[in-house]
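Quick mapping for you: the protein sequence lines, in order, are chains A and B. When the letters of the first sequence are read in order and numbered with numbering that gives the first Met the number 0, they come out as residues 0 to 181. When the letters of the second sequence are read in order and numbered with numbering that gives the first Met the number 0, they come out as residues 0 to 497. No residue lacks a Cβ here, since even glycine has one placed at the ideal position from N, Cα and C. None of the values given here were measured: they were computed from a predicted structure. This report concerns only the one structure given below.
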Amino acid sequence: MGTSYKYKRDASRLFIALRDNGKRYKIYIPRESNPVIDGNEQEIDFIEQEDFQYTFEWNGKRFHCELVARDQNKATVHVNGVEYKFSLESIFSYIRKGMISDAEDKNTSVQIKAPMPGKIIDIFLDEGDLVNVGEPILTLEAMKMQNEITADCNGVIQKIRVNHEQSVMKDELLVEIQSIDV
Amino acid sequence: MKKRLLIANRSEIAIRIIRSAHKMGMYAIVFQSDKEPDALYLKFADEIIDAHDADDEKPIFLNPNKIVAFALEHEVDLIHPGYGFLSENPDFVALCISKKLNFIGPSPELIRDMGLKTVAKKMAIEAGLPLVPGSEGPVADVLAAKEYAASIGYPVILKASAGGGGRGMRIVENSETIERNFKSAYDEALAAFGNGDIFIEKYLQNPKHLEFQILGDKHGNVIHLGERECSLQRKHQKIIEEAPSASVTETMRKEMGTMAVRFAQKIGYYSAGTIEFIMDEDGSYYFMEMNTRIQVEHPVTEMITGVDLVDWQIRIALDEVLTLKQEDIIIKGWAIECRVNAEDPQNRFTPQTGFIDKIQFPQDASIRIETGFLSGSMVTPYFDSMIAKIIVHGESRSKVINKTMEALNKFNIIGIKTTAPFCKAVLQHPYFKDASYTTRWVDLVYSPEMLEDPDDEMIGALAATIMYASEYLQLQGDIPAYENDALNVWVLNKRLNY
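Encoded structure:
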């Protein structure tokens, strides 16, 4: 296939940094390669690290960061001498607090339903996994054809409603995803 | 035998003066103050006098008797006062002279006269310099005030003759409100000072600050070295200076420079000095005052003229003839100075104190750094907040603005907040770029949000997240429990040589 997805499986590496002015960043810290910020992989070089200090390089610019205050999940950072305040959440606590959307309707759960009757022959993800838009979640076999059922949002797999080898009807609920697209 | 020069100052200006002293083959002596015993300037001196000023009311630099006593004990020939402290204290200068110490600067009489605004203004009138239009004495009554204001044009400022601290002072926008304002200013002045005399001056709402550098010797020779524009100020203190000024045409430069020289000659001035003008939006300019010291911003003039002002101060003090002629002064290119002060520009420029964990300066042939601090230095609350001056020279104004931005981007300081981000915000602002900025830029234009940058904000979010994530993931047992590897492969892969 060769498709490369921005988010890796591990939802515990996805965080939300919320600035005191309301600006929100979704930041995925991978094990390898570059961080993904708001869905975009950014080629950010790590130049230097000391206690509470990081220097990055990005787009030919240096960024000297210094953590100057920390209280629970709140952090004050100086970037090139200017102060920014953030509160930080793991994606799980963020979802739990219902902060994923500014909208009145906090229900950002997305339901994936069976497009046709068939049988589940493969499930690729587990509950709690991070999933990307267009990424296959499971394979549904119908009329001898294998159909990949893909995610239509970025998010965390909340609930998988079906089991391996299970037969499903059209429009039967397969998977619930907690969307992280704001 | 080498001449012995004592510097009654600290920080960058002490180092600057040491440089000139060494260039002229002199022996440089400085004071070590207990308020700042590990200061960088001490490392450049040939001799250090332990000032023992821990129990004194004031630091050594403000103690004339102690300075002079030490100077005599250490057989000093010359004393350079730098700027601030006692540099414009006529009594200190008189004391030095009475003890046969050669004070590098003008005579105590000149310093005293220029320190008294009324005397300086009187001398300026005699030398034909324009002053801000105003009533020479108090105006008789409301009617006279109204008539006079109409003759000089609104807005005007009413000032109590006996005034001070803003009491009895009113800015009047138009003739409709002058009666009311005059009465309240009068009542206020009468209540505050027992004297209700009010005089009127034209009020410059949005002025520029210009100043001409002059050099004069003890033999009657005076030249000017062009102007500096120092309009970018906060709390009446300069933050960015440039030379020349885009608001001064060649004709004006000649005119104002000639006036400055004439004024200096008229008062018999010698040493380096600065004649300050205020310029209105219509381009009219007025004499403000004369400074009789070397100024913080002298390097921008040095950059564009190639003249070493501190060298000349010393040579003039040694009775040398000023061999530079006016026609030798040719302005080359443009220079900008940014003051890096330990102040928080996001919080009303509150002074910052503490350790400088790290300080890194840009390096380039066209960049001059004047600083008294390095990594590990302490910023104490005892002295002024200036950490460094970053002075950049370039071919043209627009080029030097860009170069200064680059220089500030390369400048890094960790541990203390400074005015460096503020300087960047100024340099990027359209009013600075088109040179229309005035002394009121901070009041009228500035807001701390201007310091913020979307890229900085995003990377800040990343940094905060990494710090948070490393703990979070440790708690999850997902990564080895030592912090530096918290980011494991990404960090290790991404680490480059600095």
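By the beta-carbon neighbour count (other beta carbons within 10 angstroms, threshold 16), residue 118 of chain B is exposed. The beta carbon of residue 165 of chain A lies closer than 6 Å to those of 119 in the same chain, with the five residues before and after it left out. Taking 9 Å as the threshold, the shortest C-beta distance from residue 5 of chain A to chain B does not fall below it. The continuous alpha helix (DSSP H) containing residue 96 of chain B extends over residues 89 to 97.
Among the residues of chain B, none has a CB under 7 Å from the CB of residue 160 of chain A; the nearest is roughly 27 Å distant. In this chain, the alpha helix (DSSP H) harbouring residue 308 of chain B covers 308 to 316. Within chain A, the residues placing a beta-carbon under 7 Å from that of residue 471 of chain B are 89, ordered along the chain. The beta carbon of residue 153 of chain A does not come within 9 Å of any beta carbon belonging to chain B, so the residue lies off that interface. Within 9 Å of the CB of residue 467 of chain B, the CB atoms of chain A belong to 14, 16, 69, 72, 74, 85, 87, 88, 89, in sequence order along the chain.
One thing to note: residue 8 of chain A has its Cβ within 9 Å of the Cβ of residue 124 of chain A.
Listed in chain order, the non-local C-beta contacts of residue 90 of chain A below 7 Å within the same chain comprise 10, 13, 14, 15, 155, 179, local neighbours out to five positions each way being set aside. Look at residue 359 of chain B here: in three-state DSSP terms it is strand. Fully enclosed alpha helix (DSSP H) runs of no fewer than 4 residues occupy 396 to 409, 419 to 427, 429 to 432, 440 to 443 of the segment 394 to 444 of chain B, in order along the chain.
Shortest Cα-Cα distance from residue 392 of chain B to any of B:336, B:426, B:274, B:429 involves B:336.
The DSSP-derived three-state label of residue 84 of chain B is coil. Shown here for residue 271 of chain B: same chain residues with a beta carbon closer than 6 Å to its own, the five before and five after excluded, namely 214, 293, 308, 312 in chain order. Listed as beta-bridge partners of residue 49 of chain B by DSSP are B:31. Here residue 11 of chain B is buried: its Cβ has 16 or more other Cβ atoms, across all protein chains shown, within 10 Å.
Rounded to the nearest angstrom, the Cβ distance from residue 390 of chain B to residue 407 of chain B is 12 Å, too far for a contact under 8 Å.
Following the DSSP letters along the chain, one finds residue 297 of chain B inside the alpha helix (DSSP H) bounded by residues 297 to 304. A distance below 9 Å separates the beta carbons of residue 436 of chain B and residue 231 of chain B.
By the Cβ test, the segment 59 to 79 of chain A is in contact with the segment 449 to 460 of chain B, since at least three Cβ pairs between them sit closer than 8 Å. Beta-bridge partners assigned by DSSP to residue 139 of chain A: A:119, A:146. Taking the Cβ atoms as the reference, residue 111 of chain B lies roughly 26 Å from residue 137 of chain B, outside the contact range of under 8 Å. A distance below 8 Å between beta-carbons, with the five flanking residues on each side excluded, links residue 101 of chain B to the following residues of its chain, in chain order: 76, 77, 78, 95, 316, 317. Distances from the alpha-carbon of residue 375 of chain B to those of B:333, B:358, B:257, B:63 put B:358 closest.
Following the DSSP letters along the chain, one finds residue 44 of chain A inside the beta strand (DSSP E) bounded by residues 44 to 49. Distance from the CA of residue 143 of chain B to the CA of residue 191 of chain B, rounded to the nearest whole angstrom, comes to 23 Å. Any Cβ of chain A closer than 9 Å to the Cβ of residue 402 of chain B would place that residue at the interface, and such an atom is absent. Residue environment analysis places residue 262 of chain B among the buried positions, since at least 16 neighbouring C-beta atoms fall within 10 angstroms of its C-beta. If you draw a 10 Å sphere on the C-beta of residue 283 of chain B, you find fewer than 16 other C-beta atoms in it, and that means exposed.
Residue range 169 to 171 is occupied by the beta strand (DSSP E) that includes residue 169 of chain B.
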